[in-house]
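Chains A and B, in that order, are what the protein sequence lines are.
If you count the first sequence from 1, position 23 lands on 23 in this note's numbering, and the numbers rise without skipping.
If you count the second sequence from 1, position 162 lands on 1162 in this note's numbering, and the numbers rise without skipping.
Here a beta-carbon is modelled for each residue, glycine too, at the ideal position from N, C-alpha and C.
Number of protein chains: 2
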Amino acid sequence: MIIEKIAESRFNDSVFESTVFGKEFSDHMLIAHYKDGKWGEATIKPYGPITMTPAAMSFHYGQTIFEGMKAYKNENDDVFIFRPEKNFERFNLSAARLNMPQIPKEIFIDGLKAIVDIDRKWVPQDYGTSLYIRPVMFATEEAVSARSSNEYIFAILLAYAPSYYEKPLSVKIADFYSRAAQGGVGFAKCGGNYAASFFPASEVQKEGYDQIIWTDSIEHKYIEEAGTMNVMVRIGNKLLTAPTSERILNGVTRDSVLTLAKDAGNDLEIRPVEVKELYDAYKSGELKEVFGCGTAVVITQYDTIGFGDERVQLPHLAEEDSFALNLKKKLKDIQYGLVEDPHGWRVKIEKEN
Amino acid sequence: MIIEKIAESRFNDSVFESTVFGKEFSDHMLIAHYKDGKWGEATIKPYGPITMTPAAMSFHYGQTIFEGMKAYKNENDDVFIFRPEKNFERFNLSAARLNMPQIPKEIFIDGLKAIVDIDRKWVPQDYGTSLYIRPVMFATEEAVSARSSNEYIFAILLAYAPSYYEKPLSVKIADFYSRAAQGGVGFAKCGGNYAASFFPASEVQKEGYDQIIWTDSIEHKYIEEAGTMNVMVRIGNKLLTAPTSERILNGVTRDSVLTLAKDAGNDLEIRPVEVKELYDAYKSGELKEVFGCGTAVVITQYDTIGFGDERVQLPHLAEEDSFALNLKKKLKDIQYGLVEDPHGWRVKIEKEN
Chain A
1 MIIEKIAESR
11 FNDSVFESTV
21 FGKEFSDHML
31 IAHYKDGKWG
41 EATIKPYGPI
51 TMTPAAMSFH
61 YGQTIFEGMK
71 AYKNENDDVF
81 IFRPEKNFER
91 FNLSAARLNM
101 PQIPKEIFID
111 GLKAIVDIDR
121 KWVPQDYGTS
131 LYIRPVMFAT
141 EEAVSARSSN
151 EYIFAILLAY
161 APSYYEKPLS
171 VKIADFYSRA
181 AQGGVGFAKC
191 GGNYAASFFP
201 ASEVQKEGYD
211 QIIWTDSIEH
221 KYIEEAGTMN
231 VMVRIGNKLL
241 TAPTSERILN
251 GVTRDSVLTL
261 AKDAGNDLEI
271 RPVEVKELYD
281 AYKSGELKEV
291 FGCGTAVVIT
301 QYDTIGFGDE
311 RVQLPHLAEE
321 DSFALNLKKK
331 LKDIQYGLVE
341 DPHGWRVKIE
351 KEN
Chain B
1001 MIIEKIAESR
1011 FNDSVFESTV
1021 FGKEFSDHML
1031 IAHYKDGKWG
1041 EATIKPYGPI
1051 TMTPAAMSFH
1061 YGQTIFEGMK
1071 AYKNENDDVF
1081 IFRPEKNFER
1091 FNLSAARLNM
1101 PQIPKEIFID
1111 GLKAIVDIDR
1121 KWVPQDYGTS
1131 LYIRPVMFAT
1141 EEAVSARSSN
1151 EYIFAILLAY
1161 APSYYEKPLS
1171 VKIADFYSRA
1181 AQGGVGFAKC
1191 GGNYAASFFP
1201 ASEVQKEGYD
1211 QIIWTDSIEH
1221 KYIEEAGTMN
1231 VMVRIGNKLL
1241 TAPTSERILN
1251 GVTRDSVLTL
1261 AKDAGNDLEI
1271 RPVEVKELYD
1281 AYKSGELKEV
1291 FGCGTAVVIT
1301 QYDTIGFGDE
1311 RVQLPHLAEE
1321 DSFALNLKKK
1331 LKDIQYGLVE
1341 DPHGWRVKIE
1351 KEN
């Protein structure tokens, strides 16, 4: 790895006053180029523009994948990242489905540790805030021909992350648009999945909702995921979530939350969840909580759910009675290094650079 | 429109000796920036790299759409483009679905005419060759947050196009992977649709096929399209093709071919076409031709079709007996300005710059 440090850091305390997610980039970025069938040496250098041809294939054929992770700082100034191996594995699963090259561990994991180490002053200490880590790969070959690119850039970018959603969200259950086809790319963290979701999201926003809960594309009968989150449903004291599949992202936060729920002795069911089941549970008073989980949002509660033209209001539970808030606190306490880490999820970033 | 001409043209005759589609870019490109809710003035300037941040949203969330068109030259050195209004309309339909801004006609159509005029020496004269025109729009805002970009680049690039597929192709009918979901973006010419298709295409290439014919994502029961082409089937003397839909691109070549077939008195049926119907017609000897049509390929014949593990060979018709070859000649003759243009499809590029 080549390291070219910035002459003078751009960091100042006002960075942590930003309330916008993913706009304040740190001093450095990691860049690696794939060409002639192999990855070149990764370089950590000052964050800034790169030159690209407008004929770069990612602008045309959309070969682009990413991951989202966070770095946390405890009161002793120790910096941690969370389960990076899971993101590394998923990145390469996404790469395979998009016909992009595999990224070696020495670039992804070692690069990640090195850049977070170098930019550790950009990791905020306030509980709930973090430094967002964005590994990304995109096609760069100069050609307008509908085929896989032979050249790629892999990059790691770091940007300040204030708390994502502060208040409970209002969500509408998809009954027309879809996120993923059977035999498609729903499980991959690829650009196309996100681009396809923005218009349907803007449509529900016109109706006053914040987001969409996606359903299966065939009948809109089953809950799938929420685009930046997996979805969990509490009926009575039972926690339900859809199994991951070719259409649903295998969320690291989802897996962590399910593990913590199991540890807590919660009654869990991982199986297809019908929209009708949710609605019926609401009618009978058994629908206690619905929430999303993902790296950016951690856990976010939904308080209004739209079923077609009907909007239903979920109960407001006291903090101690909420599965969502209890699980969120447990997860964050592990991430921020405040409690024991029974599953070995935290990775401490050593000071080496 | 601002025009900054290249100091010295890069053109030389060896450009037209290239056998690779979309790699030899012309002297100029058109670039327009969208920011603060509006398009800036378009600039035609020398083709070359632009600076971009690796945090540009198109690299992450895949908001990117494009069109494909061609410029043709006849023996009098007149240059023509073909039905540009259709591509303009479709581009804005794609933009709407991807939650990207509409592009005004003065940038798309007037820009197109101006840049083709300026780079007219790059339009080859040989029948079957052309100058490929690539309008494209991609997200450029510097942010890692899963939402629509507020900034975009619209560009028009020109690249030499030799004949695309010279020999008939061998195609496999999709029985596992899918291209488009109901309620998805199949009808839009967006990057994500292409990126998602490359891995499935590479899988059938391992089996010795050139391409995939996509089927519906629910049952793989109906023929949809071929990714860069719409698909037409001739059973007996009847020409069949699927209706366009939210899952199938509304091809300009498809529409032109159907119009020419109607003009010729061919028996046409535009309706869902079952895979089984194709197979049964093959068995009974009634399956005469299957071919794809699209701007890049014009019309390309398929000679081998894979149904699951079974490969069937289509009959080799004499040129005068083939619907595909007859329609292809009629279409090309119009495009190259060799015959009358009864539908007013050709647009002559006047010498103004």
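Item	Value
N1230(B) in three-state terms, based on DSSP	strand
Near-chain B residues of the stretch 141 to 169 of chain A - C-beta to any C-beta below 8 Å	E142, A143, V144, S145, A146, R147, S148, I153, A155, L157 and A159
Residue range of the unbroken beta strand (DSSP E) whose run includes Q211(A)	Q211 to I213
Between the CA atoms of L338(A) and L1030(B) - distance to the nearest angstrom	55 Å
Proximity test, P1243(B) beta-carbon vs the ligand FMN heavy atom, cut-off 7 Å	No copy of the ligand FMN appears in this structure; indeed no ligand is present at all.
Contact with chain A by V1015(B), beta-carbon distance below 8 Å	no
Interface partners of Y1302(B) on chain A, CB under 7 Å	Within 7 Å Cβ-Cβ: nothing; Y1302(B) doesn't reach chain A, min ~17 Å.
As assigned by DSSP and simplified to three states, the class of Q1301(B)	strand
A1254(B) to S14(A) span [Cα, whole Å]	It should be noted that the sequence gives Arg, not Ala, for residue 1254(B). Whole-angstrom Cα-Cα distance: 57 Å.
Under 7 Å by beta carbon: chain A residues contacting M975(B)	Any question about residue 975(B) goes unanswered here, given that chain B covers just 1001 to 1353.
Helix, strand or coil at K238(A) [DSSP, three-state]	strand
Proximal chain A residues relative to R1097(B), where beta-carbon distance stays under 7 Å	F199
Per-residue burial, E8(A) [other beta carbons within 10 Å of its own, 16 or more giving buried]	exposed
Cβ-Cβ separation, E224(A) to R179(A) (assumed contact under 8 Å), whole Å	7 Å
Contact with chain B by V185(A), beta-carbon distance below 8 Å	yes
Per DSSP, cross-strand counterpart(s) of P1046(B)	H1028(B)
Per-residue burial, H343(A) [other beta carbons within 10 Å of its own, 16 or more giving buried]	exposed
Partners in chain B for Y61(A), counting only beta-carbon separations shorter than 7 Å	G1191, Y1194 and A1195
Near-chain A residues of the stretch 1109 to 1125 of chain B - C-beta to any C-beta below 9 Å	none
Own chain, CB closer than 7 Å to K330(A), minus 5 neighbours either side, in chain order	L260
Every unbroken alpha helix (DSSP H) inside the stretch 75 to 118 of chain A [4 residues or more]	84 to 97 and 105 to 118
Cβ-based neighbour list, D333(A), same chain, cut-off 7 Å, excluding 5 preceding and 5 following	V339
V1231(B) to E350(A) span [Cα, whole Å]	58 Å
For L1314(B), the residue or residues it bridges with in DSSP	L1314(B) is not bridged to any residue.
Simplified DSSP state of G1306(B), which is helix, strand or coil	strand
Residues bridged to K1073(B) (per DSSP)	V1079(B)
Run of the alpha helix (DSSP H) containing K1206(B), from where it starts to where it stops	G1191 to K1206
Residue environment, I1270(B), which counts as buried when at least 16 other CB atoms sit within 10 Å	exposed
Three-way DSSP call (helix, strand, coil) for F1016(B) in this model	helix
C-beta neighbour in chain B for Q211(A), strict 8 Å	no
Touch test, the stretch 1156 to 1163 of chain B against the stretch 1020 to 1039 of chain B, Cβ-Cβ under 8 Å, three pairs minimum	yes
Short Cβ contact (8 Å threshold) for S245(A) with F187(A)	yes
Interface residues of chain C facing S202(A) [CB-CB closer than 8 Å]	Given the protein chain composition of this structure (A and B), no chain C is represented.
Burial state of P414(A), where buried means 16 or more other Cβ atoms lie within 10 Å	Within the shown structure, residues of chain A are numbered from 1 to 353, placing residue 414(A) beyond reach of any answer.
Cβ neighbours of K1221(B) in the same chain (closer than 8 Å, five flanking residues each side left out)	T1215, E1274, V1275 and K1276
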